[in-house]
Amino acid sequence: MARSGASRDWSIVTFLFAALALNPPVLTIFSVDVFVFGIPLLYLYLFAVWAIIVALVARLAGAGRSAAAEARDRDRRGAGHAR
Amino acid sequence: MLASWVILLVAAAYLSLLFAIAYYGDKRADAGRSLIANPYIYALSIAVYCTSWTFYGSVGRAASSGIDFLPIYLGPTLTFVVWGFVLQKIIRICKAHRITSIADFISSRYGKSARLSVLVTLIAVVGIMPYISLQLKAVSISFNVLLQYPEVVMPPVSSRVPVLADTAFLVALLMAMFAILFGTRHIDASEHHEGMVAAIAFESVVKLMAFLAIGVFVTFGLYDGFGDLFAKAAQAPHVAPLFTVDGAAGYGQWMTLMVLSMAAIICLPRQFQVSVVENVNEDHLKKAVWLFPLYLLIINIFVLPIAIGGLLHFPDGNVDADTFVLTLPMAEKREGLALFAFIGGLSAATGMVIVAAIALSTMICNDLVMPALLRLSWLRLTARGDLSGLLLAIRRGSIILILMLGYAYYRFIGESAALVTIGLVSFAAAAQFAPAMIGGIFWKGGTRSGAMTGLSLGFAVWIYTLLLPSFARSGWLPAGFIDTGAFGVALLKPHELFGLSGMDNLTHAVFWSMLVNIGGYVVGSLLSRQSAIERIQGALFVDVFTHSGAYGGSRFWRGSATVHDLRVLLGRFIGSAQADQALNDYARARGLNLAKLREADASLVNFVERLLAGAIGAASARVMVASVAKGEVVGLEEVMKILDEASQVIEYSHGLEQKSRELEATTAELRAANERLKELDRLKDDFISTVSHELRTPLTSIRSFSEILSDHPGLDLAQRDRFLKIIVKESERLTRLINEILDLAKMEAGRMDWQMSDIDPRPVIEDALAATSGLFAERAIRLDVRLAETLRPVHADRDRLMQVIINLLSNAVKFCDQTDGHVVVAAESRGGHLRFRVTDNGQGVPPNDRRLIFEKFQESREKLSNRPPGTGLGLAISRQIVEYFAGSIWVEEAPGRGAAFCFSIPETSDETAAAPLGRREGVV
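Just so you know, the protein sequences line up as chains H and F, in that order. Note that our numbering has the first sequence beginning at 51, numbered continuously upward. Note that our numbering has the second sequence beginning at 3, numbered continuously upward.
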């Protein structure tokens with residue numbers, strides 16, 4: 051498979067975290083009439099979690115190596131063996 | 003003042019620009035320098051997910067229920083978190099099998115079933131109809147609202163104007179034309195529409211820019227940033243509740259929307275089209291999986307501010323919240339910005355309509371119309387020439403049909419509902435594909451009948467709980483349908499099915515449809531059996547990461563077709579030039595010469611089937627290939643053998659190798675045993691003939707001398723005496739011979755009586771020498787005896803040991819030099835063995851015969867002319883005896899001239915005392 055096992059495991063963890071954080075009942079904790087920096091808490095919370103998830107996905111997807119890079123590596127290893 | 007011609011001109015100019023981009027993209031693709039071969043274009047094209055629903059509808063939703071416009075965008079983010087499990091797998095599968103639509107995907111997975119692909123197509127077309135109507139509604143409303151500039155007035159309800167004067171109808175026609183121009187210019191086997199993707203990506207940029215422009219204008223132009231906006235909103239009693247959600251009830255729809263949108267990002271035909279079918283490089287996914295959620299995040303930041311701005315700006319509620327994006331700049335007399343907003347909304351709508359229309363038309367053509375046409379034998383389609391024109395015509399017709407259906411839904415049903423509500427009906431329909439798709443790529447046990455059952459049940463419940471009520475609300479069904487249930491049965495109320503109440507309509511519908519869908523799929527799969535092809539496809543789909551590469555496609559065809567037939571078949575659907583090109587590429591890659599090849603092998607047949615599948619769908623491709631390929635299909639048993647999980651295949655082949663190695667070893671053993679048997683057989687024959695011969699010689703002489711004596715009674719006494727002596731001597735020889743044969747036979751059969759004991763070899767040797775001393779004296783042979791000082795005892799049978807020694811001594815007498823005979827007898831103790839050696843000075847034994855002479859009746863071939871009489875069994879018996887004593891006997895070259903016969907027997911020690919008994923069976 052294109053992705054390493056660890057990054058696959060992490061993607062599941064991220065998914066569970068996101069599913070938990072973005073759904074009730076966790077959501078109800080933040081559904082209060084409070085303003086942070088003049089912005090409603092729930093609104094701020096949702097976008098912040100969202101941004102964190104996007105960053106995590108970016109990191110995890112970047113961690114997996116591209117198929118092309120793997121192919122190049124294979125070639126290189128193959129050449130090494132030939133020598 | 004924005005005159006209608008200005009709006010139309012700008013819209014037309016924008017659409018022309020889109021078309022130019024698409025045209026340029028196609029040209030670049032043809033030239034091999036793809037415009038879309040980068041992850042950013044790919045991510046932007048996936049953003050076709052944001053339609054006018056997002057552009058106009060989200061604001062409307064936010065204005066009425068606050069934050070719960072968001073799950074629709076959080077769901078896809080969640081799905082993309084696990085892209086490596088789902089999206090990547092689907093893409094890999096589609097590339098391996100040249101799948102070009104959801105219908106193809108599902109029917110392919112479940113054994114290329116034509117009925118299944120028809121069902122999926124039907125669900126897709128009916129399910130997406132409301133979604134398309136949503137776009138038409140958004141465009142026509144936004145156009146009509148903009149037309150009223152500078153007044154902010156809601157347009158008249160379109161059902162009161164004639165169809166031909168209805169803006170939505172004209173928009174539908176325009177979009178149909180546009181989709182036809184984009185998506186059906188030619189039939190391509192790979193079904194890539196690079197130009198279209200480029201245009202969609204551009205549209206995504208435009209709609210994002212437009213929306214951000216409005217958002218910035220509202221937040222920072224009308225108000226003094228977010229803080230000011232929210233502070234003002236908090237003071238307005240009708241706006242403040244939007245910031246929070248009241249308890250669990252307020253979240254009722256949240257999770258439903260989340261689940262629906264998670265499914266939709268994969269199951270919506272247009273999303274499948276852009277993210278799977280149009281994917282040109284799997285690596286692009288790695289950037290797209292975070293770029294696309296980022297796009298969603300950015301485009302949603304200003305949704306709530308715009309909604310709040312609209313609510314604050316139009317407090318009396320006579321402006322539809324779905325139009326705030328447009329009406330806010332209009333109210334502020336920003337006509338340029340308003341026009342930009344309109345273009346953004348147009349972008350969002352056209353993008354969706356074009357992609358959805360192309361995806362659906364491909365399905366209708368490949369999975370609905372073509373299979374039907376191909377089955378109508380009177381049309382003789384399978385025998386006709388170029389069909390690519392027909393394919394294009396069907397697709398164009400389908401696009402017009404789809405747009406008209408969308409328009410009909412809008413005009414008769416969807417006009418009163420909010421944009422998001424209409425769209426969600428489509429989401430619920432698309433979600434029906436999820437069990438069959440997700441189940442299909444993770445569970446090999448999913449069967450065709452399971453998928454059929456699940457999809458039909460889910461679709462039926464969707465129709466009953468979501469589609470029919472919307473018909474009822476529009477007066478197409480009696481209004482009592484909703485309130486009292488079908489036929490007045492309260493349990494059948496479409497919004498409270500089987501008495502389930504307390505849910506909103508959408509959650510209620512999703513609950514029931516998913517329950518029967520998943521339930522039907524799982525139970526149906528468990529209750530039915532898979533056919534061979536379902537099994538193959540199931541394994542190929544689920545194990546795509548292990549199979550891809552090794553198995554390009556399903557190895558279903560075992561038979562063959564002629565290359566010519568395949569070429570003609572391919573040419574009919576994708577054009578002969580492209581067909582030639584594809585086949586030549588194939589031949590070059592495999593190093594084949596197609597011109598010389600007459601019969602296509604199974605892999606070429608598979609290749610053509612996959613190419614065709616790209617153009618006309620898997621089910622039709624199979625029918626077409628079957629019409630020219632003569633082969634039978636592979637049976638289930640063979641499938642089980644050939645293809646299960648890769649590991650099993652490998653294990654199986656390991657097992658086979660092991661077995662074949664064992665078999666080879668056994669064969670070798672058998673062959674050796676057979677050789678030995680043949681040899682023994684030959685020896686037995688030789689033995690019998692030799693024995694007969696050896697017996698006959700003395701018998702003959704006995705008989706002839708007896709006859710002489712009997713016939714001539716007057717023979718003189720001396721003569722008579724001489725003859726009698728010969729008879730006696732020959733009788734003795736005969737007796738000896740028979741004794742020896744009996745001895746040998748006994749020994750070989752293991753029935754000899756052995757008197758084993760520990761004996762001192764020296765007296766045995768001396769007795770033997772004494773017994774043969776007469777022979778030596780008779781021939782005047784010099785005898786040297788060199789016995790070692792000490793000879794340790796050996797475990798043996800005294801008489802038999804003496805027999806061996808006498809045998810060797812008399813042999814030496816027989817074969818040593820006739821005139822100057824000289825024999826050396828030596829015995830010594832060496833290496834725990836008694837070593838006995840008799841050396842003569844005769845002719846010696848040629849190396850080739852040194853083993854042979856110990857066989858029965860095998861005296862040396864190089865016989866002396868006047869051979870001393872011997873039975874030929876002496877050495878064979880000696881060998882049997884010595885080997886019984888766990889020793890060995892051999893002959894070697896004597897120093898100088900002659901032969902040295904040796905044997906060695908282990909000396910007695912504590913350990914070897916019992917050994918001969920143990921060896922009793924082993925030796926003889």
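For each residue, glycine too, the CB sits at the ideal point set by N, CA and C. Keep in mind that this is a model prediction, so the values were computed, not measured.
Mark residue i as exposed unless 16 or more other C-beta atoms lie within 10 angstroms of its C-beta, in which case mark it buried.
i	result
R109 (chain H)	exposed
H1006 (chain F)	In the structure as shown, chain F begins at 3 and stops at 926. Residue 1006 (chain F) is therefore absent and cannot be evaluated.
L645 (chain F)	Here L645 (chain F) scores only 47 on pLDDT, less than 50, and its place in the model should not be relied on; the value that follows carries that caveat. Answer is buried; the Cβ neighbour count reaches 16.
R117 (chain F)	exposed
Q137 (chain F)	buried
V544 (chain F)	buried
R612 (chain F)	buried
G77 (chain F)	buried
V63 (chain H)	exposed
P75 (chain H)	exposed
A901 (chain F)	buried
K29 (chain F)	exposed
E742 (chain F)	buried
V220 (chain F)	buried
E885 (chain F)	buried
G311 (chain F)	buried
Y95 (chain H)	buried
R133 (chain H)	Because R133 (chain H) sits at a pLDDT of 34, beneath the cut-off of 50, its placement in the model cannot be relied upon, and the following sentence gives the value as read from the coordinates. Classification for R133 (chain H): exposed.
Any beta carbon of chain F sitting closer than 8 Å to that of residue i?
i	result
D59 (chain H)	no
V82 (chain H)	yes
Y93 (chain H)	yes
L77 (chain H)	yes
L72 (chain H)	yes
A111 (chain H)	yes
I62 (chain H)	yes
V107 (chain H)	yes
A56 (chain H)	no
Per DSSP, which one or two residues make a beta bridge with residue i?
i	result
W892 (chain F)	F:C904
R336 (chain F)	None, per the DSSP bridge assignment.
I89 (chain H)	H:V86
D799 (chain F)	F:M758
E830 (chain F)	F:R837
V787 (chain F)	F:V827
E601 (chain F)	F:T564
E909 (chain F)	F:V796
Confirm, please, whether the CB-CB distance from residue j to residue i is below 8 Å.
i	j	result
G346 (chain F)	F57 (chain F)	yes
S503 (chain F)	Q434 (chain F)	no
I134 (chain F)	I404 (chain F)	yes
P437 (chain F)	I520 (chain F)	yes
V512 (chain F)	L568 (chain F)	no
G129 (chain F)	S451 (chain F)	no
L811 (chain F)	A770 (chain F)	yes
I303 (chain F)	F326 (chain F)	no
M354 (chain F)	R272 (chain F)	yes
Q2 (chain F)	T449 (chain F)	Nothing can be reported for residue 2 (chain F): it is not among the residues displayed for chain F, which extend from 3 to 926.
A340 (chain F)	S54 (chain F)	no
L362 (chain F)	S400 (chain F)	yes
Should residue i be flagged as near chain H, meaning a C-beta pair shorter than 8 Å?
i	result
F232 (chain F)	yes
V61 (chain F)	no
P295 (chain F)	yes
I303 (chain F)	yes
I38 (chain F)	no
L224 (chain F)	no
Interfacial residues, the stretch 256-268 of chain F to chain H, with Cβ spacing under 7 Å: W256, M257 and M260
The stretch 306-334 of chain F: which residues have C-beta closer than 7 Å to a C-beta of chain H, in chain order? L306
When you check each C-beta in the stretch 45-74 of chain F against every C-beta of chain H, which residues fall closer than 7 Å? I69 and L72
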